[in-house]
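Some notes on the structure that comes next.
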Amino acid sequence: MDTPAPYRAVLDEVAPRLRRLRTQRGLTLAALSEETGISKSTLSRLESGQRRPSLELLLPLASAYHVPLDDLVGAPEVGDPRVRLTPRPLANGGTVVPLTRTPGPLQAYKMLIPDRGSEPDLRTHEGYEWLYVLDGRLRLVLAEHDLILGPGEAAEFDTRLPHWFSSADGRPVEVLSLFGRQGERMHVRAKPSG
Numbered sequence: 003m004d005t006p007a008p009y010r011a012v013l014d015e016v017a018p019r020l021r022r023l024r025t026q027r028g029l030t031l032a033a034l035s036e037e038t039g040i041s042k043s044t045l046s047r048l049e050s051g052q053r054r055p056s057l058e059l060l061l062p063l064a065s066a067y068h069v070p071l072d073d074l075v076g077a078p079e080v081g082d083p084r085v086r087l088t089p090r091p092l093a094n095g096g097t098v099v100p101l102t103r104t105p106g107p108l109q110a111y112k113m114l115i116p117d118r119g120s121e122p123d124l125r126t127h128e129g130y131e132w133l134y135v136l137d138g139r140l141r142l143v144l145a146e147h148d149l150i151l152g153p154g155e156a157a158e159f160d161t162r163l164p165h166w167f168s169s170a171d172g173r174p175v176e177v178l179s180l181f182g183r184q185g186e187r188m189h190v191r192a193k194p195s196g
């Protein structure tokens, strides 16, 4: 069966996109093969364009790269771009509202953080976080630093450092959070004052 021309063009772009994703993530074909269960030779042929991508091959790759399938095939954006805000309770109190709908290297959240007491329960995990206080006062304990941030103030940090945050004054604090599991850093550009 012959593939119609418009679809051939889309499929031809999959190979370089797959190679670029693997390279950007610093993965070898062997490591990707182990993670996806797809043989190294099949992965190599997919990346060189010698093998046509199929749903059965693209689904595990999308999962391994933490990207939507549409990103692998370069599907045009369609439909309503609005994110449906679905608040979820946090295990340690408060509420989180995901602001991104697809898995990817960076995730955005709006959080309502309650007063969690005065005794910090420091945690560590992989990733990098950027916090921006929208309303209220945030107490951020980061390693040996104990900081209070007010509206309009931001902090960014490697989450492998022991950290904890809470309301600083007993009232909930509203925060915008950008989080990257693989440690991606945010690049915030501010116009110079003056």
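Those letters in the sequence shown? Residues 3 to 196, per the numbering used here, in order. Backbone N, C-alpha and C define an ideal beta-carbon position, used for all residues, glycine too.
Residues of its chain near residue i, where Cβ-Cβ distance is below 6 Å and the 5 sequence neighbours each way are ignored
{"i": "Arg90", "result": "Val98"}
{"i": "Gly172", "result": "Asp117"}
{"i": "Thr102", "result": "Gln109, Ala110"}
{"i": "Ser43", "result": "none"}
Residue of the options minimising C-alpha distance to residue i
{"i": "Gln26", "options": "Asp148, Ser169, Pro153, Pro107", "result": "Pro107"}
{"i": "Ser168", "options": "Arg21, Thr126, Met113", "result": "Met113"}
{"i": "Pro100", "options": "Ser56, Gln52, Ser179", "result": "Ser179"}
{"i": "Ala17", "options": "Pro153, Gly51, Gly119, Asp123", "result": "Gly51"}
{"i": "Arg139", "options": "Tyr111, Pro174, Leu29, Arg118", "result": "Pro174"}
{"i": "Arg47", "options": "Pro62, Ala66, Arg21", "result": "Arg21"}
{"i": "Thr161", "options": "Val135, Tyr134, Leu124, Arg19", "result": "Leu124"}
{"i": "Gly154", "options": "Thr102, Tyr134, Thr30", "result": "Tyr134"}
{"i": "Asp137", "options": "Leu151, Pro55, Thr126, Trp166", "result": "Leu151"}
{"i": "Ala66", "options": "Gly95, Ala93, Leu29", "result": "Leu29"}
{"i": "Glu15", "options": "Leu74, His165, Ile40, Ser41", "result": "Leu74"}
{"i": "Arg19", "options": "Gly129, Gly119, Asn94, Leu60", "result": "Leu60"}
{"i": "Pro122", "options": "Leu92, His165, Gly129", "result": "His165"}
{"i": "Leu71", "options": "Arg84, Leu57, Pro83", "result": "Leu57"}
{"i": "Arg183", "options": "Ile40, Glu49, Gly129", "result": "Gly129"}
Contact set for residue i: own chain, Cβ-Cβ below 8 Å, skip 5 residues either direction
{"i": "Leu149", "result": "Arg141, Leu142, Val143, Ala157"}
{"i": "Thr88", "result": "Val99, Pro100"}
{"i": "Val85", "result": "Pro100, Leu101, Thr102, Arg103"}
{"i": "Leu163", "result": "Thr126, Leu144, Ala145"}
Per-residue burial, residue i [other beta carbons within 10 Å of its own, 16 or more giving buried]
{"i": "Ala145", "result": "exposed"}
{"i": "Val177", "result": "buried"}
{"i": "Gly76", "result": "exposed"}
{"i": "His127", "result": "exposed"}
{"i": "Leu63", "result": "buried"}
{"i": "Gly96", "result": "buried"}
{"i": "Glu131", "result": "buried"}
{"i": "Phe181", "result": "buried"}
Spatial neighbours of residue i in its chain, beta-carbon cut-off 7 Å, leaving aside the 5 residues before and after
{"i": "Leu45", "result": "Leu31, Leu34, Ser35"}
{"i": "Arg54", "result": "Leu13"}
{"i": "Ala170", "result": "Arg139, Leu140, Arg141, Ile150"}
{"i": "Thr38", "result": "Pro62, Leu63, Ala66"}
{"i": "Asn94", "result": "Arg118"}
Taking only runs of the beta strand (DSSP E) that begin and end inside the segment 21 to 89, which ones reach a length of at least 3 residues, in chain order?
-> none
What are the complete alpha helix (DSSP H) segments, minimum 4 residues, inside the segment 93 to 141?
-> none
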